[in-house]
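Residue numbering for the sequence shown is 44 to 124, as defined by this note's numbering.
The structure under discussion appears below in the form of structure tokens.
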Amino acid sequence: MKCAEQDYIEIACLYKLRVELLTKNDSRIEGVARDTKYNAHKQECIVIETIERLESVPLDTIIAMRALETNPHFTLLTFSS
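Quick look at the structure:
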């Protein structure tokens, strides 16, 4: 993920936007972007608050992020590998 693309992850967390993530294994994760952190494998992750739990999603597994609410920053982003 490029630095400019990662900035949108930070924006989503800063404004606690509801987003849908699409991962390389075709999983869809929907929830509120809360924070970024490193997991036990030293991968940078976005923390998503889903209905069931907080889920850490490694940034290098995300291929797209869609905003589920109107905002001035982005609607749909596709990330480079």
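Don't be surprised by glycine CBs; every beta carbon is placed ideally from N, CA and C.
Only a predicted model underlies this, so the values are computations on that prediction, with no experimental measurement involved.
DSSP lists E87 as the bridge partner or partners of Y81. Judged by DSSP in its simplified three-state form, E98 adopts strand. In the three-state DSSP reduction, E53 falls in the helix class (H, G or I).
By the neighbour-count criterion, in which 16 or more other beta carbons inside 10 Å mark a residue as buried, C88 falls on the buried side. Boundaries of the beta strand (DSSP E) harbouring L119: L119 to T121, taken from the DSSP string.
Between the alpha carbons of I105 and L111 lies a gap of roughly 16 Å.
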